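Remarks on the structure that follows.
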Amino acid sequence: MRWSLKARLRASRQTLGQVALLVGGALVCAFISDQVATQRALAQDAAQAAEQMRLYADSLRRYVDRYRTLPAVLALDPQLRAALASPLDAASQAHLNERLEEVNGVTQSSTLTLIDRSGLSVAASNWRLPSSNVGYQYAFRPYFQQAVVDGHGSFYGVGATTGVPGYFISDAVHGAGGTVLGVVVIKVDLRELEAQWADSRDIVFISDEHGVVFLANRAAWRYRELHTLSNDDASQIARTRQYGDLPLRPLIADRRLPDDSAAARLRFAGPDGHHLDVLWQRLPLPGERWTLHLLQDTAPALAAGRVAGIAAGGAWLAVLLLALFVQSRLRLSRLRRRSREELEQMVKQHAAALRTAQDGVVEAARRSALGQSASLEHLPQGVSVIDADLRLVAWNRRYVEFFRYPPELMQVGRPIEDLFRFNAQRGLLGDGDEDEAIRRRLEHLRAGTPHLHERERPDGTVLEIRGNPLPGGGFVTSYADITQYKNVARDLRTLAGTLERRIEARTHDLALAKGEAERANLYKTRFVAAAVHDLLQPLNAARMFISALRHRDADHEAQTLIDNVDEALSAQDALLTGLLDISRLESGALEVRRRELRLGSLLETLAREFGVLAQARGLSLHYVPTHAVVRTDEDLLRRIVQNFLSNAIRYTPRGRIVLGCRRAGDAVRIEVWDSGIGIPDAQRHAIFEEFRRLDTGHNASERGAGLGLAIVERIARLLGHPIGLRSWPGRGSVFSVTVPRGDATALAATPATVRLADDDSPLRGLQGWCLDDDARVREATRALLETWGASVALYADADAALSAAAADAVPDFLLLDYRLGDVAGPDCVPTLFERWGRPIPVIVISAERDAALQARVREAGWGFLAKPIRPAALRALISGLVARGV
């Protein structure tokens with residue numbers, strides 16, 4: 010007995026030791042794997058973030074370069090020189106203002122300002138606005154002081170007059186003796202870059218030389234101090250009024266950022282109150298003395314580390330290895346798709362920025378005085394200018410470098426034919442007869458035809474060549490090296506291939522690990538299957554509960570989550586509905602039901618609905634009551650006014666909106682006034698086209714798909730109701746629709762319309778059939794379709810449906826259960842089509858997810874939905890099939 014007790018104790022100690030060794034080894038392996046995998050993932054994320062930062066920096070540089078040449082060109086304008094050299098009278102000042110306004114309209118910059126030698130603004134492109142720069146003293150601004158001393162200047166700050174931030178670029182205007190007469194300043198609005206960066210998942214911002222954040226893709230990060238400002242920095246910011254009256258607050262209250270590290274991992278509370286764990290990387294931008302920052306979330310890297318730790322913990326964690334396998338495949342797939350989309354988008358942005366910069370070069374050369382090529386020396390592109398006699402009059406050093414012209418060839422008055430012949434002798438004009446190639450180019454210059462093309466040189470360099478005629482004769486040509494943008498496309502394909510290989514390698518490694526785990530733990534198979542089933546059950550239940558929660562009482566937080574889901578689905582449904590409306594309007598399938606209508610009831614309802622939305626946006630909506638009676642289609646008129654009100658709220662930053670009516674002879678004109686941004690003349694016709702929107706910085710993330718006004722235009726054309734638009738940029742717009750008056754005596758004879766569905770339902774008025782052997786499903790289908798405004802006939806089996814089918818009562822669509830007792834539902838469709846005399850849209854509903862069944866249904870041109878069906882999917886499928894007539 011005593012020996013048995015000792016043996017048991019020894020066996021227990023041995024078992025405990027083995028368990029402790031197993032658990033301890035698993036924990037050590039998990040910890041080491043976690044650390045190694047986390048560091049590796051962080052290194053990969055850092056490399057990818059560094060590449061993204063270079064692309065962001067290129068985007069910023071290209072965006073600024075498109076405006077950099079304009080002040081230098083305007084500084085050579087004889088009219089501006091003359092204006093600064095002598096006192097200005099009122100007529101001359103008005104002419105200068107209009108001149109700057111015209112130039113600013115072409116370049117699409119924020120503001121152009123002309124400052125005299127004392128720092129007083131004598132003319133500006135915004136002279137018409139209340140916040141005009143004219144008559145203000147700007148000698149305290151660094152861009153003025155730099156231009157006076159060095160000839161050029163730049164400065165980012167909040168406008169002292171307008172209060173709008175921007176990047177100021179200046180050039181000095183010199184007199185005949187080289188004296189400084191004044192300064193030309195252009196203000197560039199960089200908020201367009203913020204809008205481009207807003208879709209990035211990462212946090213991107215730029216800080217100035219003082220460590221103040223002034224440009225960011227998150228509003229809460231703007232005007233924050235990265236470090237506590239020194240007395241000198243604070244004094245300089247106050248003296249130059251760089252940020253006006255905006256308060257500068259610390260970005261991180263409890264710590265300083267490392268000064269000597271380009272990349273660091275930090276944990277801190279962000280400006281918006283959320284706790285952040287990020288990889289913080291910085292890239293200096295020496296040209297502007299700015300620093301580009303990119304904060305990348307470390308959660309994916311930490312998740313990868315944890316997954317690796319779990320995988321190394323032991324073979325008995327088979328179910329977790331399976332989850333790791335699925336998770337890693339999904340993550341790598343998302344990474345590949347995200348990288349490809351971001352790189353493709355950046356390539357498009359860089360190409361567009363390059364072409365816009367070329368437009369700036371052409372505009373600069375157009376306004377420069379011929380023969381003064383020194384003003385073009387700081388341009389990054391090669392530029393040459395010839396006169397009406399095809400003789401060289403101006404060029405810059407970059408142009409000479411591109412073609413390696415000898416110094417003796419570059420002389421003012423040299424025929425351009427000599428340069429062409431020099432290039433032809435070196436084979437730069439291509440194969441074929443040299444004289445013929447030169448003759449074609451000379452004839453093209455004489456014709457003065459603008460051109461744009463690319464040329465690949467023998468050394469692999471790709472040049473984009475753009476030419477435009479000059480007023481009064483002559484031609485300007487610019488040459489830009491776009492080789493790096495061509496290489497980006499190749500890099501994109503290489504990156505995609507690398508990601509594919511990485512996915513294959515990771516998949517192979519995980520498959521081996523999964524196989525080893527399964528071989529070591531075959532007895533776990535039943536547990537894994539049960540766990541997967543238990544995980545799917547609550548997920549499926551959650552999808553059903555989210556629909557039921559809408560009709561139950563819930564606390565504020567739960568209701569907010571439900572509303573967020575509902576808003577996302579509503580936005581998608583609005584886009585599909587808009588596209589469907591466009592199709593129905595174009596095909597003439599939309600029926601018009603005209604009747605007498607009391608306009609006041611309709612407008613009062615819309616004012617009440619949109620008044621709540623306007624109030625939530627800080628706006629006020631005023632409604633002017635009316636007793637007018639009109640003759641129209643109430644539903645279609647409602648759509649027109651709804652779109653007017655929606656657009657007014659979307660594009661009005663502050664102020665109020667007015668809804669009312671005016672008499673217009675035998676008609677009534679319904680008008681929606683707003684105090685929004687207004688619409689330029691050039692865009693007033695384009696906004697009524699599909700997918701066209703006003704590209705402004707205001708509420709860019711809330712803009713719709715651009716279908717609203719296109720639908721309005723088509724509905725108005727269908728009803729014969731003229732649409733009107735008046736607008737004043739910067740002050741507001743008025744949209745109107747003119748409706749004919751109706752007969753008030755006919756109102757009593759008009760029956761009230763019972764609405765079971767939303768006014769915007771695309772299924773309203775349709776007649777359908779439902780063939781299903783389950784009574785509860787039939788009744789649920791009837792209730793659902795009636796809420797959408799459709800009526801439905803119910804049949805329990807094929808015999809009942811065939812007996813009721815007739816050629817004079819053909820439904821608009823058929824909902825068909827695949828299993829009707831012992832027979833298949835699709836087998837009765839040919840007979841139904843024969844009795845109806847034509848085919849109609851069919852939707853097969855089945856609990857079976859057999860690929861062969863789905864292929865058979867799609868081959869017949871029908872729709873297919875798997876049980877349990879989602880109401881939104883059913884509604885969209887019916888709408889699409891009926892609209893296409895299949």
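Per this note's numbering, residue 10 is the first one in the sequence shown, and the count goes up by one each step.
Built from N, CA and C at the ideal position, the CB exists for glycine as well.
Note that the structure is predicted; figures quoted are calculated from it, not measured.
Exercise for review: Go to Asn477, then tell me how far its beta strand (DSSP E) extends in each direction, as first and last residue.
Suggested key: For the purposes of this step, residue 477 is identified with residue 468 of the sequence shown, where counting begins at 1. For Asn477, the uninterrupted beta strand (DSSP E) segment begins and ends at 471 to 478.
Exercise for review: Starting from Thr122, follow the beta strand (DSSP E) in both directions and report where the run begins and ends.
Suggested key: Taking the sequence shown and counting its residues from 1, one reaches residue 122 at position 113. First-last of the beta strand (DSSP E) with Thr122: 120 to 125.
**Study point:** Closest Cα partner of Ala272 within the set Asp281, Leu292, Gly279, His283
**Key:** By one-based count along the sequence shown, residue 272 stands at place 263. The shortest Cα separation from Ala272 among Asp281, Leu292, Gly279, His283 belongs to Leu292.
Review point. Just checking, does the segment 514 to 522 make contact with the segment 422 to 439 on the three C-beta pairs under 8 Å criterion?
Key: Counting C-beta pairs with one atom in each stretch, the segment 514 to 522 and the segment 422 to 439 have fewer than three that are closer than 8 Å, which means they do not touch.
Review point. Taking the continuous alpha helix (DSSP H) assigned at Glu613, which residues delimit it?
Key: As a first step, residue 613 must be located in the sequence shown, where it is residue number 604. Counting along the chain, the alpha helix (DSSP H) containing Glu613 begins and ends at 608 to 625.
Check your understanding: Apart from the five residues just before and just after Ala313, which ones in its own chain have a Cβ nearer than 6 Å to its Cβ?
Key -> Translated into the one-based positions of the sequence shown, residue 313 becomes position 304. For Ala313, where only same-chain residues beyond five positions count, the Cβ hits under 6 Å are Ala46, Ala50.
Check your understanding: How many angstroms separate the CA atom of Arg844 from the CA atom of Ala814?
Key -> For this step, residue 844 is matched to residue 835 along the sequence shown. For this step, residue 814 is matched to residue 805 along the sequence shown. If I take the Cα positions, the gap works out to 6 Å.
Review point. Relative to the C-alpha of Ala807, which residue among Thr790, Gly834, Phe822, Leu823 is closest?
Key: Translated into the one-based positions of the sequence shown, residue 807 becomes position 798. The shortest C-alpha separation from Ala807 is found at Gly834.
Check your understanding: Between the C-alpha atoms of Arg647 and Leu883, what's the straight-line distance to the nearest angstrom?
Key -> Working through the sequence shown from its first residue, we reach residue 647 at position 638. Working through the sequence shown from its first residue, we reach residue 883 at position 874. Rounded to the nearest angstrom, the two C-alpha atoms are 26 Å apart.
Review point. How would you write the range of the alpha helix (DSSP H) that Arg671 sits in, first residue to last?
Key: Position 662 of the sequence shown, counting from 1, holds the residue named residue 671. First-last for Arg671: 665 to 673, but that is the beta strand (DSSP E), not the alpha helix (DSSP H).
Exercise for review: Using only alpha-carbon positions, find the residue among Leu190, Val194, Arg276, Ser68 that is nearest to Trp289.
Suggested key: Working through the sequence shown from its first residue, we reach residue 289 at position 280. Among Leu190, Val194, Arg276, Ser68, the Cα nearest to that of Trp289 is on Arg276.
Review point. Expressed to the nearest angstrom, what Euclidean distance is found between the alpha-carbon atoms of Ser134 and Gly729?
Key: Start at 1 with the first residue of the sequence shown, and residue 134 comes out as number 125. Start at 1 with the first residue of the sequence shown, and residue 729 comes out as number 720. Straight-line Cα distance between these residues: approximately 42 Å.
Check your understanding: How is the alpha helix (DSSP H) around Pro151 delimited, first residue to last?
Key -> Residue 151 sits at position 142 when you count from the first residue of the sequence shown. Note, Pro151: alpha helix (DSSP H), 151 to 159.
Exercise for review: Determine contact between the segment 278 to 285 and the segment 185 to 200, defined as no fewer than three beta-carbon pairs at a distance below 8 Å.
Suggested key: Short answer: they don't touch.
Point to revise | Straight-line Cα distance separating Thr120 from Glu107 | key: The sequence position of residue 107 within the sequence shown is 98, counting from 1. The sequence position of residue 120 within the sequence shown is 111, counting from 1. Whole-angstrom Cα-Cα distance: 13 Å.
**Study point:** Host alpha helix (DSSP H) of Ser6 (start-end)
**Key:** Nothing in the structure corresponds to residue 6, since the chain is present only between 10 and 895.
Check your understanding: If we count Cβ pairs, one from each stretch, closer than 8 Å, do we get three or more for the segment 172 to 186 versus the segment 72 to 85?
Key -> yes
Review point. Do you know offhand how far Ser95's Cα is from Arg126's?
Key: Residue numbering aside, residue 95 sits at position 86 when the sequence shown is read from its first letter. Residue numbering aside, residue 126 sits at position 117 when the sequence shown is read from its first letter. Spanning the two alpha carbons is a distance of roughly 11 Å.
Exercise for review: Would you please state the rounded distance, in angstroms, between the beta carbons of Gly166 and Thr249? I believe it to be under 8 Å.
Suggested key: The residue given as residue 166 occupies position 157 in the sequence shown. The residue given as residue 249 occupies position 240 in the sequence shown. Yes, they are in contact, since the Cβ atoms of Gly166 and Thr249 sit about 7 Å apart, within 8 Å.
Check your understanding: Tell me which same chain residues have a C-beta within less than 8 Å of the C-beta of Ser163, skipping the five on either side of it?
Key -> As a first step, residue 163 is located in the sequence shown; it is residue number 154 there, counting from the start. If we look at Ser163 and ignore the five residues flanking it on each side, its Cβ neighbours are Tyr152, Gln155, Tyr176, Phe177, Ile178, Ser179, Glu297.
Review point. Quick one: what's got a C-beta closer than 6 Å to Arg671's C-beta in the same chain, skipping five residues either side?
Key: Reading the sequence shown from its first residue, position 662 is the one you call residue 671. Only Arg678 meet the Cβ criterion.
Check your understanding: Among Phe149, Ile261, Leu303, which residue has its Cα nearest to the Cα of Ile215?
Key -> In the sequence shown, residue 215 corresponds to position 206, counting from 1. The option with the nearest alpha carbon to Ile215 is Leu303.
Review point. So, is Asn496 buried or exposed, given that buried needs 16 or more other C-beta atoms within 10 angstroms?
Key: Against the sequence shown, residue 496 aligns to sequence position 487. Label assigned to Asn496: exposed.
Check your understanding: If we call anything under 9 Å between Cβ atoms a contact, is Glu426 one with Leu461?
Key -> Counted from its first residue, the sequence shown places residue 426 at position 417. Counted from its first residue, the sequence shown places residue 461 at position 452. Not closer than 9 Å, so no.
Review point. Going by the CB atoms, is the gap between Ile212 and Arg231 shorter than 9 Å?
Key: The residue you call residue 231 lines up with position 222 of the sequence shown. The residue you call residue 212 lines up with position 203 of the sequence shown. Contact flag unset, no.
Point to revise | Ala761 to Val173 span [Cα, whole Å] | key: On the sequence shown, residue 761 is found 752 positions in, with the first residue counted as 1. On the sequence shown, residue 173 is found 164 positions in, with the first residue counted as 1. Low confidence applies here, because Ala761 scores a pLDDT of 39, under 50, leaving its location unreliable; read the following figure in that light. When rounded, the distance between both Cα atoms is 54 Å.
Point to revise | Residue interval of the alpha helix (DSSP H) (run including Trp845) | key: Looking up residue 845 in the sequence shown gives position 836. Taken as a continuous stretch (DSSP letters only), the alpha helix (DSSP H) holding Trp845 covers 838 to 845.
Check your understanding: Once you ignore the five residues that flank Leu622 on each side, which residues in its own chain have a CB closer than 7 Å to its CB?
Key -> Stepping through the sequence shown from its first residue, residue 622 is reached at position 613. By the criterion of a C-beta distance shorter than 7 Å, Leu622 is surrounded in its chain by Ile658, once the five residues flanking it on both sides are discounted.
Point to revise | Where Leu775 falls, given that 16 or more other Cβ within 10 Å makes a residue buried | key: Against the sequence shown, residue 775 aligns to sequence position 766. Leu775 should be labelled buried.
Review point. Of the choices Asp242, Ala207, Arg210, whose alpha-carbon is the least far from that of Glu218?
Key: Locating residue 218 in the sequence shown gives position 209, where the first residue counts as 1. The shortest Cα separation from Glu218 among Asp242, Ala207, Arg210 belongs to Asp242.
Review point. In whole angstroms, what is the alpha-carbon distance linking Ile686 and Arg773?
Key: Working through the sequence shown from its first residue, we reach residue 686 at position 677. Working through the sequence shown from its first residue, we reach residue 773 at position 764. Going from the Cα of Ile686 to the Cα of Arg773 covers about 37 Å.
Exercise for review: Would you kindly check if the distance between the Cβ of Ala725 and the Cβ of Val4 is under 9 Å?
Suggested key: No answer is possible for residue 4: it lies beyond the span of the chain, which begins at 10 and ends at 895.
Check your understanding: DSSP puts Trp289 in a beta bridge; with which residues?
Key -> Counting from 1 along the sequence shown, the entry for residue 289 is found at position 280. Looking at the DSSP assignment, Trp289 forms a beta bridge with Ala273, Leu304.
Review point. So, Val392 versus Val485, is the Cβ gap smaller than 9 Å?
Key: Locating residue 392 in the sequence shown gives position 383, counting from the first residue. Locating residue 485 in the sequence shown gives position 476, counting from the first residue. In this structure, Val485 lies closer than 9 Å to Val392 by Cβ.
Review point. In whole angstroms, what separates the C-alpha of Leu654 from that of Phe619?
Key: The residue labelled residue 654 in the question sits at position 645 within the sequence shown. The residue labelled residue 619 in the question sits at position 610 within the sequence shown. If you draw a straight line from the Cα of Leu654 to the Cα of Phe619, it is about 7 Å long.
**Study point:** Integer Cβ distance of Leu823 from Leu780, believed to fall under 8 Å
**Key:** Your numbering for residue 823 matches position 814 in the sequence shown. Your numbering for residue 780 matches position 771 in the sequence shown. The pair is a contact, with the Cβ atoms about 7 Å apart (cut-off 8 Å).
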